[in-house]
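Be aware that the sequence shown starts at 12, since it is given in this note's numbering, and climbs by one per residue.
Think of the CB as a built atom: it goes at the ideal place given N, C-alpha and C, for glycine as much as any other residue.
What follows is one structure encoded as structure tokens, with my remarks underneath.
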Amino acid sequence: MNDTPEKPTAAKKAPAKRTTTKAPAKKTAAKKAPATKATTKAVAKKTTAKAAAEEAPAKKAPARKPESRTALVRRARRINRELAELYPYAHPELDFTNSFELLVATVLSAQTTDMRVNQTTPRLFAVAPTPEDMAALPPEELEELIRPTGFFRAKTKSLLGLSAALRDRFGGEVPGRLEDLVTLPGVGRKTANVVLGNAFGVPGITVDTHFGRLARRFGWTTQEDADKVEADVAAIFPKSEWTMLSHRVVFHGRRVCHSRKPACGACPIAPLCPSYGEGETDPEKARKLLKYELGGQPGQRLKPPADYPGQPAPPMAPPAAAS
């Protein structure tokens, strides 16, 4: 390594300086192209990785072993048993004392929370406790009474129509048959099943947004139409379970298996759920997503059952005085 004479090296110092002066320029120019290529490769790699990540969920489904009908029924019924242990106090979350109040409250619950309905109905039933009383209300007065529930004009039309129908066709009484209930203005199968199951003891499956969402996540159905969801689920469970199954599934949908971000990491039935991982899987973060009594918050009823473990919902604040 040190055999090269020193003099020749010294003699070439001047050319070496010229070479050194040009070298940085060449190096800089030489580096520009590789840097651009590296950046391009990195971007391409990142884009490819992102595309692969987006495609990943679609590739998982075919890899899953198909579930037999027998296995589906067993898993579904086990989910129901687990939900029964988790929510032994499951109940309809609308305040009511008779079938007419339940019917009215269920109609008002469309596109709003049961808590908001429960905060609204005390004033309404104080003014119109019977179908005859409600049918006699001026539309403007009824609209003002139910305004907090939203869509109050359409709901007013339904309430006036069903109240008049109960007065004129059913002697002021709520009928106890599905065929009769669905003839009332504003009453579909969901509302009818709520009334039948909770006011008359007739088993029924209530397919609201929560029930439909969870039935699909649990793999009980692939249908979007509420009537088809009801039919699919009814074929899995014995009729005697329909009403309580509805309460348990709706309870779970409101408290744990939320629409936008389910609390998968805090879900006791996660091992039975084929949709595990759609939501937050970290246990600590998932626990923060729990709602109502599971999250230490008030429930939806102002007057919950005696065995309800949570806090009652607060009454509606009185309207502000006009200045």
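Straight across, the Cα-Cα distance linking ARG312 with PRO103 is about 9 Å.
Leaving aside the five residues that flank GLY223 on each side, the residues in its chain whose CB is nearer than 7 Å to its CB run, in chain order, ALA237 and VAL240.
In this structure ALA175 does not touch ALA137 by the C-beta definition: roughly 21 Å separates them, more than the 8 Å allowed. Here the C-alpha atom of SER120 lies approximately 7 Å from the C-alpha atom of THR160.
In the structure shown, PRO323 falls within a coil segment according to DSSP collapsed to helix, strand and coil.
Taken through DSSP and simplified to helix, strand or coil, PRO159 comes out as helix.
Counted as a single uninterrupted DSSP element, the alpha helix (DSSP H) harbouring ASP125 occupies residues 125–138. Nearest to PHE163 by C-alpha distance, out of ARG180, LEU225 and GLN122, is GLN122. With respect to GLY183, PHE211 sits apart: the two C-beta atoms are not nearer than 8 Å. Per DSSP, PRO273 has no beta bridge partner at all. Between ARG259 and LEU83 the beta-carbon gap is near 18 Å, outside 8 Å, which marks them as no contact. Taking C-beta atoms under 8 Å as the contact rule, CYS284 and ARG228 qualify, at a distance of about 7 Å. Between the region 293–309 and the region 266–273 there are three or more C-beta pairs closer than 8 Å, enough to call the two in contact. GLU143 has its alpha-carbon roughly 31 Å from the corresponding atom of SER257. Taken through DSSP and simplified to helix, strand or coil, PRO316 comes out as coil. DSSP, read as helix, strand or coil, puts PRO309 in strand.
Between the alpha carbons of ALA139 and ALA317 lies a distance of about 27 Å. Cβ contact annotation for PRO320 (same chain, cutoff 8 Å, sequence separation greater than five): TYR100 and GLU304, in chain order. When only Cα atoms are considered, ARG127 and ARG200 end up about 22 Å apart. The residue from ARG80, TYR98 and PRO77 with its alpha-carbon nearest to that of ILE280 is TYR98. Here GLU154 has PHE163, ARG164 and THR167 as same chain residues with Cβ atoms under 8 Å from its own Cβ, once five neighbours each way along the sequence are excluded. Between LEU192 and VAL198, the C-beta spacing is below 8 Å. Sequence-distant partners of ASP125 (beyond 5 residues in either direction) whose C-beta falls short of 6 Å from its own C-beta, in its chain, are GLU104, LEU105 and GLN311.
With contacts defined by Cβ atoms closer than 8 Å, ILE247 and TRP231 form a contacting pair. For ILE216, no alpha helix (DSSP H) encloses it, and the DSSP letter there is neither H nor E. GLY172 is positioned such that its CB atom lies no closer than 8 Å to that of PRO150. Its chain contains ALA139 as the residues whose beta carbon lies nearer than 6 Å to that of LEU148, once the 5 sequence neighbours on both sides are disregarded; these appear in chain order. Buried is the label assigned to ARG86, since at least 16 other Cβ atoms lie within 10 Å of its Cβ. Counting the other CB atoms within 10 Å of its CB gives GLU295 a total below 16, which places it among the exposed residues.
Following the DSSP letters along the chain, one finds HIS221 inside the alpha helix (DSSP H) bounded by residues 220–228.
Per DSSP, the continuous alpha helix (DSSP H) segment holding ASN204 begins and ends at 200–210.
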